[in-house]
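Engineer: Just so we're aligned: the sequence shown equals residues -25 to -1, 1 to 225 in mature numbering (1 follows the signal peptide of the UniProt record, and there is no 0).
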Amino acid sequence: MASLFPPLLLLAISLSIFLISPAQSQSCKSQKFPNNKLYANCSDLKVLTSYLHWTYNASNSSLSVAFTAPPAKSDGWVAWAINPTGTGMAGAQAFVAVRHSNGSITPRTYNISSYYSVVQSNLSFEFWDYSTEYSNGSITIFASVKVPEKKSLNHIWQVGPGINQTGFLIKHDFNQENLAAKGILELVSNSAGTAPTASPSPSPSSSPAPDTGNSTNSGKNGGVSLFGSRSSFGFSVASLLLVFVNLVAF
């Protein structure tokens, strides 16, 4: 029975490594963009395996961002928005990148006036250098925007499964992680030596679902998991297997 120890030990180690997803080990600091664009700050957002890089220019109150997230499906969409009037979707000024089945990406903008009317439209503030790219299963939105002269902003991010036959965005899921995809973006540090951060907003509450026909509605490391995280789950599996093989060897 002791001869089973080497193969079972190898199996335990292999499982623990396999269950640690590459996305779990990635962070915003390890990301590099093909255009070699650099930003002053970055944050691993709390849900939807999303990342935000940004630079705030106080001299003209402008914000340059790079938002990265995997769409809900390969031909889905990702969105990043600023809401100058609230913390939810209503009032948000959104940049949305739609990936099509042929691999092309269409950048769009949405001025979301209400939960029930989400149609492609111009934003209420000036923006420039808006572009998108697709790499390693994720879409990145690049943009520079004119923002209110404040120390912080409400920002929202989201991912969805695609567009319907009429070109409207198919609504995103309403899972816990989707509802939690919002936060406060600190533009100015509170004290010397403290970098600005992307803080989570208060716990989400369920909002009315937009009309499916023309609605946009699908971090760090996703939402709540029954096993905590893949890495901890892998460690648990490996530990149990090691105990088992020790008993067999004994």
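Even for Gly, the Cβ is constructed at its ideal location relative to N, Cα and C.
If you follow the alpha helix (DSSP H) that residue 154 is in, where does it begin and where does it stop?
Structural biologist: Looking at the DSSP string, the run of the alpha helix (DSSP H) that includes residue 154 is 151 to 154.
Engineer: Evaluate contact between the segment 152 to 160 and the segment 23 to 33, counting only Cβ atoms and requiring at least three cross-stretch pairs below 8 Å.
Structural biologist: Yes, they touch.
Engineer: Going by the beta-carbon positions, is the gap between residue 121 and residue 101 smaller than 8 Å?
Structural biologist: Yes, these two residues count as a Cβ contact at 8 Å.
Engineer: Report the residue from 38, 17, 42 whose alpha carbon sits nearest the alpha carbon of residue 134.
Structural biologist: Measuring from the Cα of residue 134, the nearest candidate turns out to be 42.
Engineer: Please list the terminal residues of the continuous beta strand (DSSP E) segment that includes residue 82.
Structural biologist: Its beta strand (DSSP E) spans residues 80 to 86.
Engineer: Going by DSSP in three states, residue 12 sits in which element: helix, strand or coil?
Structural biologist: It is coil, neither helix nor strand.
Engineer: Which one of 92, 125, 54 has the shortest CA to CA distance from residue 108?
Structural biologist: Ranking 92, 125, 54 by Cα distance to residue 108 puts 54 first.
Engineer: Can you give me the Cβ contacts of residue 131 inside the same chain, cut-off strictly under 7 Å, excluding the 5 residues immediately before and after it?
Structural biologist: Cβ neighbours of residue 131 beyond the five flanking positions: 56, 58, 64, 67, 156, 157.
Engineer: Which value, in whole angstroms, describes the spacing of the CA atoms of residue 44 and residue 93?
Structural biologist: In a straight line, the C-alpha of residue 44 is about 21 Å away from that of residue 93.
Engineer: Considering only residues of the segment 97 to 165, which uninterrupted beta strand (DSSP E) runs meet the minimum length of 3 residues and lie entirely inside it, listed in chain order?
Structural biologist: Segments of the beta strand (DSSP E) lying fully in the segment 97 to 165: 102 to 110, 113 to 121, 127 to 135, 157 to 161.
Engineer: What is the DSSP secondary structure of residue 5, reduced to helix, strand or coil?
Structural biologist: If DSSP states are grouped into helix, strand and coil, residue 5 belongs with the helices.
Engineer: Let me confirm a value: residue 46 is counted as buried when at least 16 other C-beta atoms fall within 10 Å, else exposed. Which label applies?
Structural biologist: By the 10 Å Cβ count, residue 46 comes out buried.
Engineer: If I measure Cβ to Cβ from residue 14 and keep anything under 6 Å in the same chain, skipping five residues before and after, which residues do I get?
Structural biologist: Excluding residues within five positions, the ones whose Cβ falls inside 6 Å are 28, 29, 30.
Engineer: Can you tell which of 85, 5, 51 has its C-alpha closest to the C-alpha of residue 77?
Structural biologist: The option with the nearest alpha carbon to residue 77 is 51.
Engineer: Relative to the alpha-carbon of residue 138, which residue among 82, 90, 97 has its alpha-carbon at the smallest distance?
Structural biologist: Here the closest residue by C-alpha is 82.
Engineer: Give the DSSP-derived three-state secondary structure of residue 35 in the structure shown.
Structural biologist: Coil, per DSSP.
Engineer: Report the three-state DSSP secondary structure of residue 28 (helix, strand or coil).
Structural biologist: It is a strand residue.
Engineer: Under 8 Å between the Cβ atoms of residue 149 and residue 118?
Structural biologist: In this structure, residue 118 does not lie closer than 8 Å to residue 149 by Cβ.
Engineer: Indicate, with yes or no, if the ligand MG has a heavy atom lying under 7 Å from the CB of residue 36.
Structural biologist: Within the structure as shown, the ligand MG is missing, as the structure has no ligands at all.
Engineer: Hey, quick one: how far does the beta strand (DSSP E) through residue 73 stretch, first residue to last?
Structural biologist: Taken as a continuous stretch (DSSP letters only), the beta strand (DSSP E) holding residue 73 covers 68 to 74.
Engineer: How long is the line joining the alpha carbons of residue 95 and residue 16, rounded to whole angstroms?
Structural biologist: For residue 95 and residue 16, the distance between alpha carbons rounds to 30 Å.
Engineer: For residue 110, is the classification buried or exposed, using 16 other Cβ atoms within 10 angstroms of its Cβ as the cut-off for buried?
Structural biologist: Exposed, by the Cβ-count rule.
Engineer: Based on the DSSP secondary-structure assignment, which residues constitute the bridge partners of residue 22?
Structural biologist: Bridge partners of residue 22: none, in fact.
Engineer: With residue 255 and residue 97 assumed to form a contact (beta carbons below 8 Å), what rounded beta-carbon distance in angstroms separates them?
Structural biologist: Residue 255 lies beyond the range of the chain shown here (-25 to 225); nothing can be said about it.
Engineer: Assuming residue 86 contacts residue 99 (C-beta within less than 8 Å), just tell me the rounded distance between them.
Structural biologist: With 8 Å as the limit, residue 86 and residue 99 qualify as a contact, their Cβ atoms being about 6 Å apart.
Engineer: Relative to the C-alpha of residue 90, which residue among 62, 32, 4 is closest?
Structural biologist: Ranking the options by Cα distance to residue 90, first place goes to 62.
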